[in-house]
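Q: If you read the sequence shown in numbering that gives the first Met the number 0, its first letter stands for residue 0, the second for the next number, and so on. Heads up, the beta-carbon is just placed ideally off N, CA and C, and yes, glycines get one too.
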Amino acid sequence: MTQYLVYDVGGTNLKYALMDNGGYIITKGKVASPDNLPAFKQALFDIADQFTDEFEAIAMCAPGKIDTKEKTIYYGGALTYLDGFNLVENLGDRYQVQVSVENDGKAAALAEQWLGKLKGVDTGAMMTLGTGVGGGIIANGKLLHGRDFQAGELSWMLLRASEGVEKVSSYTAILCSAVQMIKRVNESLGNDQLDDGLAAFTAINKWQPEAYDIFSEFCANIAQMILNVQTVINGEKIVIGGGISAQPILIEEINYQFEKLLGSNEMLGGQIIPPDIVAARFQNDANLYGALYALLLQIDSE
0 MTQYLVYDVG
10 GTNLKYALMD
20 NGGYIITKGK
30 VASPDNLPAF
40 KQALFDIADQ
50 FTDEFEAIAM
60 CAPGKIDTKE
70 KTIYYGGALT
80 YLDGFNLVEN
90 LGDRYQVQVS
100 VENDGKAAAL
110 AEQWLGKLKG
120 VDTGAMMTLG
130 TGVGGGIIAN
140 GKLLHGRDFQ
150 AGELSWMLLR
160 ASEGVEKVSS
170 YTAILCSAVQ
180 MIKRVNESLG
190 NDQLDDGLAA
200 FTAINKWQPE
210 AYDIFSEFCA
220 NIAQMILNVQ
230 TVINGEKIVI
240 GGGISAQPIL
250 IEEINYQFEK
260 LLGSNEMLGG
270 QIIPPDIVAA
280 RFQNDANLYG
290 ALYALLLQID
300 SE
């Protein structure tokens with residue numbers, strides 16, 4: 000059985016798994032993400048050394064702009080020390096195996112394309128709602144990277160130009176941020192635990208006005224983002240990911256707001272065919288599956 004070592008690099012945790020080529024997770028774990036490059040490298044080595052001679056290639060996904068051809072991470076999101084980190088030099092050469100690396104948002108899209116809600120979809124998109132908006136666009140059955148590997152970075156979609164393009168609050172990074180929405184709901188409830196998603200959705204599911212109004216506005220912003228993407232790709236399906244996608248009320252409200260948006264303009268409603276808007280299949284392990292699938296596609300192409 001062919002096995003692969005897969006890393007999912009996040010701002011909080013460094014997750015890892017030993018997986019086979021069918022997507023079965025043999026074993027997995029996580030450690031806290033280090034705050035500096037030497038410690039990060041050592042964490043990678045400590046994990047890989049546990050599985051000496053058990054893996055035939057290494058896959059990784061990480062935040063930032065990812066040069067999938069040169070296997071280099073740029074910017075690195077919250078982990079700014081990853082800027083310029085090259086997988087061949089740091090892992091491939093050390094363990095004498097093939098390596099691949101993909102952006103975390105695009106990895107989530109690949110997971111859904113491989114084994115989830117985008118399977119068999121020719122054109123569609125994945126939108127992961129978290130601190131910002133991770134994304135991946137599938138066009139003609141393939142993940143879209145763009146000229147500089149920047150395609151699908153939906154956090155920088157401008158929704159409120161009239162409020163000032165210099166303000167980050169005019170972009171989807173804030174307007175479609177699940178973290179910001181939950182924070183606002185808890186503030187409205189007087190809850191000191193601003194990151195308490197359970198409390199926020201308890202109020203939302205009870206239709207408490209102060210909570211639901213914020214939630215409704217959030218879903219309307221997502222509907223606008225979907226509309227903007229849909230005008231470009233004319234996709235069959237939009238998959239919503241992130242922890243809050245497990246809440247059925249989220250998908251219901253986004254669909255309602257999208258229909259409301261199309262109904263607000265006769266010409267718009269007549270020309271834009273609504274895509275299926277659905278919750279993602281994968282949650283916490285999405286990036287592991289997607290990173291592995293990126294590696295498998297790379298191996299197949301070679």
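Grab the span of the alpha helix (DSSP H) containing VAL231 for me, first residue to last.
A: 208-232
Q: Determine the closest residue to LYS29 out of LEU296, PRO37, LEU295 and LEU287, with distance taken between C-alpha atoms.
A: LEU287
Q: For GLN256 versus PHE200, is the C-beta distance shorter than 9 angstroms?
A: Taking 9 angstroms as the Cβ cut-off, GLN256 and PHE200 do not qualify as a contacting pair.
Q: Taking the alpha-carbon of ILE303 as reference, which of GLN149, ILE136, ASN12 and SER32 has the nearest alpha-carbon?
A: For residue 303 there is no data in the structure shown, the boundaries of the chain being 0 and 301.
Q: Which of helix, strand or coil does DSSP assign to LYS141?
A: strand
Q: Measuring straight from C-alpha to C-alpha, what distance separates SER168 and ARG93?
A: 43 angstroms
Q: Excluding five sequence neighbours on each side, which residues of the same chain lie with their C-beta closer than 8 angstroms to the C-beta of ALA222?
A: ILE253, GLN256, PHE257, LYS259 and LEU260
Q: Can the beta-carbon of VAL228 be found less than 9 angstroms from the beta-carbon of MET156?
A: yes
Q: Counting along the chain, where does the alpha helix (DSSP H) carrying LEU193 start and finish?
A: No alpha helix (DSSP H) holds LEU193; DSSP gives it neither H nor E.
Q: Whose C-beta lies closer than 7 angstroms to the C-beta of ILE173 among residues of the same chain, with five residues either side of it excluded?
A: VAL167 and GLN179
Q: Please identify the residue among GLY289, ASP299, LEU267 and ILE237 whose C-alpha is closest to the C-alpha of ASP275.
A: ILE237
Q: Quick one, which of GLY189, SER161 and LEU90 has its alpha-carbon nearest TYR6's?
A: Minimum Cα distance to TYR6 is reached at LEU90.
Q: Smallest Cα separation from THR11: which of THR130, TYR170, ARG183 and GLN2?
A: THR130
Q: Tell me whether VAL184 sits in a helix, a strand or coil according to DSSP, three-state version.
A: helix
Q: Please identify the residue among GLY140, PRO33, ARG159 and VAL98 whose C-alpha is closest to the C-alpha of ASN295.
A: Reading off the sequence, residue 295 comes out as Leu, not Asn. Out of GLY140, PRO33, ARG159 and VAL98, VAL98 has the C-alpha closest to the C-alpha of LEU295.
Q: Quick check: ALA278 and ALA107, are their CB atoms within less than 9 angstroms of each other?
A: no
Q: Distance check for LYS116 and ILE24, CA to CA, integer angstroms please.
A: About 20 angstroms.
Q: From which residue to which residue does the beta strand (DSSP E) around ASP147 run?
A: Neither: ASP147 is in no beta strand (DSSP E) and is coded neither H nor E.
Q: At the level of alpha carbons, what is the spacing between ASN220 and ALA293?
A: Roughly 30 angstroms between the two C-alpha positions.
Q: Please state whether the Cβ-Cβ distance between LEU143 and GLY135 is less than 9 angstroms.
A: Taking the C-beta atoms as reference points, GLY135 is found nearer than 9 angstroms to LEU143.
Q: GLU162: buried (16+ other C-beta within 10 angstroms of its C-beta) or exposed?
A: exposed
Q: Thinking C-alpha only, which one of LEU86, GLU209, ALA16 and GLU165 is nearest ILE46?
A: Looking at the Cα atoms, ALA16 is the closest of the given residues.
Q: Taking C-alpha atoms, which residue in CYS175, GLY151 and GLY145 lies nearest to LEU158?
A: CYS175
Q: My guess is that MET18 and LEU291 are in contact by the Cβ rule of under 8 angstroms, so how many angstroms apart are they, rounded?
A: 5 angstroms
Q: Which class does MET266 belong to by DSSP, given the choice of helix, strand or coil?
A: MET266 sits in a helix when the DSSP states are folded into three classes.
Q: Using a Cβ-Cβ cut-off of 6 angstroms (strictly less than) and excluding sequence neighbours within five positions of GLY262, which residues of its own chain qualify?
A: GLY268
Q: Starting from the C-beta of ALA56, find all residues in its chain whose C-beta is less than 8 angstroms away, skip the five residues before and the five after it, and write them out in chain order.
A: TYR3, LEU4, VAL96, GLN97, VAL98, SER99, LEU294 and ILE298
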